[in-house]
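Residue numbers (the working numbering): 30 to 1164.
Glycine included, each C-beta is placed from N, C-alpha and C at the ideal position.
Everything on this sheet refers to the single structure shown next.
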Amino acid sequence: MVKNYSLFLIAFIIFSNAWAQCNPLTIDATNVVCDDSSSLVVAQNTSSKLTIQHGANNIAASWTPTNNLWLDVTMTQPYSGGFVTEVYFGNSVSFASHIYTAEYSISGCPQPITSQVIMNVDGISYETCVNSNETIADITFSNYTNSQIDFYTDSSGTTIANSNLVLNISDTYYVSYGTSCSLIPLQILPTTPLPEVETIQNFCTQATWQVEGFTNNGGDLSDISVCGKNLMWYSDAGGTQIITNPSTIILSDNDTYYVSQTLNGCESGLVAVNMMETTCGCIENQDIEGASTSEVLEGYEFYTVQINNTLTSCDINNTIYTDINNQYAPTTFPINDEISPFSLMTPGNVSPAIPLQKTSPFGCSEYAIKINDYHLDSNGVPKIVAGASDTAGTLVKEFIANEVFSFDFSMLFFDANHQYSERPSIMVRLYDEHNNLVQYKCLVSNQECPFIEISGTINGAYMPWSKESLDTSSYIGKKLRAEITINDCPYNVHWATAFIDNLEISNAMSTNSALGNLVLNPILQAGSYYENCSLFNEMTTGGCVSIDPVISPTYPFQICGTYNLPTGATLQNITLEVKAEDYGYIDVYTSNYTSPSPGTFCIDINQNDITAYGDYSVKVELEYISNCSSTPTFHYLTALNSGFKNCPIAACPTDMVGCSILGSPTFDLTTKNVEILANIPQANQNNYTLSYYTNQTSAESANANDLINNISTYSPPSLPAQVFARLDYNYNALGVNSISDCYDLVEINLNSSNVLDQIQTQVSDLVYCKNDATTVMPEVDLTEKNSEILNGTNSTDYFLEFYLALSDANNQINPISSPTQYALQQMTQDIYVRVAHINGCSMITEFTVRNHKMFSVNAPLQIEVCDDDSNPDGYYEFDLNMINNQILSNYQNLNIAYYNSMSDAQSEMNPLPFLFTNSIAFNQTIYVKLSDSFLSCENILPVNLSLVIPELNSAINPIPVNNETDVLLDAIDSTVELSWESNSNDCILDETFDLMMGTSSTQLNLVQPDISTTNFTVQVNDNVTYYWQVIPKSSLTALNSSTPIWQFQTESLSTENLIFPELKYYTISNTLYLDIENNVIETVSLFNLQGKRVKVLKDNESAQAEINMTNLATGVYLAQIQVNGKIKVIKIIKR
């Protein structure tokens, strides 16, 4: 099929009007890609200015249609009609075609003139049928024949398209034609449009239907709603694998199938339809379509009943409409039957006089269902039939709910304008699986809007098609039943008929409603809700989440909703009713609503408004006035929702653990009461009861067979195990009737635990090393044993307490308050440790603290040896056992080890052998580590190793001292004992001395050679000055320095030197007492008879003096007393 214009091509087609002298003017366009006089093309991303020039000026024109026309080049101001001198075309999709007509006036022309332009964007198009086998040779467009067009397969024009090339939908070629149109894109489009279908289709499996008690089969391909003619399904995108019987194709999640339609023998392209399984919204045969009437009506039930003056309009509580005795179940339905109770209707108007379609105009419809009869005269005008029965017909449809249930309907009636309750009406009711009414709407006939009076009648009217919606969000995934009833006037003659189409499950309310919409929003959660641990079975099905009641809201809270009034209606009032089970509607709120925004309302609920415990539902009623006639009429919209609950809410209890070290444990379940009741104020807890069960099912049904009676000493048959705590109201305490399905349920896990099995029961002693020098007991850190006690377990899971007595640990009294700084009371102390796990298990272990006196070596640790070989080099093999012997002489049971450095000793790395050659010449310090082999006290001390080279030095410290002038001689043999000290080091072991002496320092004579001692006695004269010298000698080495010469002067021990008549002296108890008058005793010296001074009192400077002779041997002594520089000697006898 050839189309003479195509998308995105701008062509100017100028038509002559009837006035030859007033020819149509040319429409000029800017930014054209192809300026051939019969075919112009513009690019999609630009705007094209359209003008009509007459003479030197653009003339004003009115353009139709107005779509994609703008007043400005930036295309921000849409053109909406009227005369303008220029418009801009743009913002269209690629390969779209637009025909515009401009109307304008020219001076001198008696009638308006019109010009037309065809606007195409980005290129031209050619339409063909799928599988038509047309080729390039068949293409023509505008005024060009095939031979006048050059075809290419690429945009650069390098590859010529073969004339035999078969056309495929969506192929693009490039054409050149005319004088200036080069390589213009040409797209191949389908002649037949695609069928209309949602590309994602939800379906339900047989298992989903069965969960809610349906016997329906799972969804198959024939259930998919597609708007089109002569549909063909394919299993592949290429359209090569035809599905001849779609009803045999059972749908699976994520399947994709492809559908086309055929018109006039020309097949369209394919639409890919993806299948998505759902469990939250299922309805069978929703669009009332099928290959046969039985297939069309599958899943529907129908009822008809004679009214007989017994029913009233909108009688929502009457069940006679669907009484089983009134079921209408013919094998087939008639088609377009006016007088039968039910009929299938096909597209077309009811009659030429009534412009009302018999099927829904919203979407594609082949059939609608007519409920109740109607009667028309020969002109197609409603009439009254004498003796006709007054009936009510009901359509029943069950489904699995999503958020919204909707259907299309229209109404035709003949009304006598009786009072409100006696008129025909249409009513829709929704019931849950327990036959509770959950939503409803009703509309009573009248001669007002939304009804339209039928010309030629007095009381005949119809209502155009509308889409009605009811909120089902509180029942998502649950089974609901819709009942749509149309009733005649309760009295004879006057009748009403409804047409029903497209029953749908969706998630959005309709905005095209003749009845108006009223929806109660879910109550926002303003308070507590069931905790995560709750096992209460809320309203969920197959993973669907319904909008459930709020649980125990915090007051005040709001109940809000939205509404759409019918055409011509005015809101009068909104009334809210709160219903408590077993109490009826207990609170009514009238005219106290707020309107946060148009079409919304909110009503506050306060604590004192609610007087009972339990489950509350909410109903709102909206009253409006229909203002379509001279006499306003009151009407109502009603909506319900699941409301809110004041039910018990349990807090989450922690698990319970029985300790395996105690054998088979028992559990005190009453300890969990405080945890479960934690959400409830203490003062109100008597209004609740707690019971414990061995399994969840029994807890949910309160089955006494599995009720745990011994809750304080419960012993499960095996571990691990679970118990289930059920929290109910105490209805006796509250004084109200019990409420079903208003409780909470939580699980408590019972386990045995081996968390103490790894705890150390034999803990080593905690030893502190006490310094010998102090008597103060140390502060000890008892927690040093934590790691050993916990023995590799997770320390964060345990709590340790320390006690001095086992009974205190058992009773958990008097714990040590500061275990990290415990002041030890005695040398050995037993400590008891209570180890508690976070799960409640505990045990007691113990250890001993010992305060051990730490060993200390006061003498310096050193070894000094002589490097006395012929070539002293400072190195020697030391025997460290010498140090061992020194240490072990005072301490037993010590471990001894030697190290080169302090760090090696601390880390016990690189110990030294006991036979150790120093690595530093002459002097080296090493370290000995001493540790108690039992109590683990330790100390590290330095050990000095020294090598000494033999040194022969001059003697020192002579006696008499050098230059002494009062050396007394032995009174018997006039001798003096000379003594000195060796100054050579310890390496000189064979030292001897030569004694030299004389009265002149320059002439000394050898008195005695090779003296092996350090003293020698010589005979001298008194009152003579002597010089003497001691010369050391050794075979190891020579004298290191010159030898000093000493001197002394002798003095006689005679007592006749001087007489002190005033001197008095005496001895008492080994003490010599001296006293002199009018003078000062300066010095007193005692000598033995060998001339050796044995006592001296210097610098006395007093008239008295005392010398203690206790430590002197018994014998005769000479006392030399100096007074004013003069000497007196007396003889003293020590007894």
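If contacts are defined as beta-carbon pairs under 8 angstroms, then residue i and residue j qualify, I think. What distance do you get, rounded to the angstrom?
i	j	result
Leu-499	Val-457	7 angstroms
Val-972	Leu-890	5 angstroms
Ile-709	Ser-581	About 10 angstroms; that fails the 8 angstroms criterion.
Ile-383	Tyr-491	6 angstroms
Run through DSSP, which three-state label would residue i get?
i	result
Ala-934	helix
Asp-101	coil
Pro-384	strand
Asp-252	helix
Leu-350	The question names Leu, but residue 350 in the sequence shown is Tyr. It is helical.
Ile-1110	strand
Asp-183	coil
Lys-1157	strand
Gln-601	strand
Ser-1063	coil
Asn-715	helix
Pro-848	helix
Thr-570	Low per-residue confidence applies at Thr-570: pLDDT is 47, beneath 50, and the placement is therefore not dependable enough to give any value.
Asn-1137	strand
Val-116	strand
Pro-275	helix
Give the range of the beta strand (DSSP E) segment to which residue i is assigned.
i	result
Met-148	142-149
Tyr-332	329-335
Gln-1151	1144-1152
Val-473	466-473
Ile-777	773-782
Leu-373	371-374
Glu-652	643-655
Kindly indicate which residue of the options has the alpha-carbon position closest to the one of residue i.
i	options	result
Asp-461	Ile-505, Asn-96, Asn-175 and Met-492	Ile-505
Asn-910	Pro-901, Gly-377 and Phe-943	Phe-943
Ala-984	Asn-1014, Ser-975, Val-957 and Asn-968	Asn-1014
Phe-112	Ala-89, Asn-97 and Ser-871	Ala-89
Asn-365	Thr-322, Phe-391 and Gly-328	Thr-322
Tyr-645	Trp-494, Ile-552 and Lys-426	Ile-552
Ile-1074	Thr-1096, Leu-1024 and Val-1109	Leu-1024
Val-784	Val-796, Asn-868, Phe-753 and Glu-813	Asn-868
Gly-84	Ile-135, Asn-97 and Asp-64	Ile-135
Asp-897	Leu-981, Asn-546, Ile-353 and Gln-915	Leu-981
Ala-926	Asn-913, Ser-389, Ser-264 and Ser-747	Asn-913
Pro-1061	Asn-1099, Gln-1048 and Ser-1011	Ser-1011
Tyr-133	Ser-767, Pro-53 and Val-116	Pro-53
Thr-742	Glu-313, Lys-701, Asn-566 and Val-1158	Lys-701
Going by the DSSP bridge assignment, what does residue i pair with across the sheet?
i	result
Asp-859	Thr-877
Gly-110	Note: Gly-110 sits in no beta bridge, so no partner.
Gly-489	Phe-443
Leu-215	Ile-153 and Tyr-202
Ser-121	Its beta-bridge partners do not exist; DSSP assigns none.
Trp-1075	Trp-1057
Thr-825	BP columns for Thr-825 are empty, so no partner.
Asp-961	Leu-923
Glu-512	Val-425 and Arg-458
Arg-1122	Phe-1116
Val-1049	BP columns for Val-1049 are empty, so no partner.
Assuming residue i is part of the alpha helix (DSSP H), what are its boundary residues?
i	result
Asp-837	835-840
Met-911	910-917
Leu-748	Counting along the chain, Leu-748 falls outside any alpha helix (DSSP H), and DSSP gives it neither H nor E.
Thr-322	322-325
Ile-413	Ile-413 -> no alpha helix (DSSP H), and no H or E assigned at all.
Asn-820	Unbroken run through Asn-820: none, as it is neither H nor E.
Trp-238	235-240
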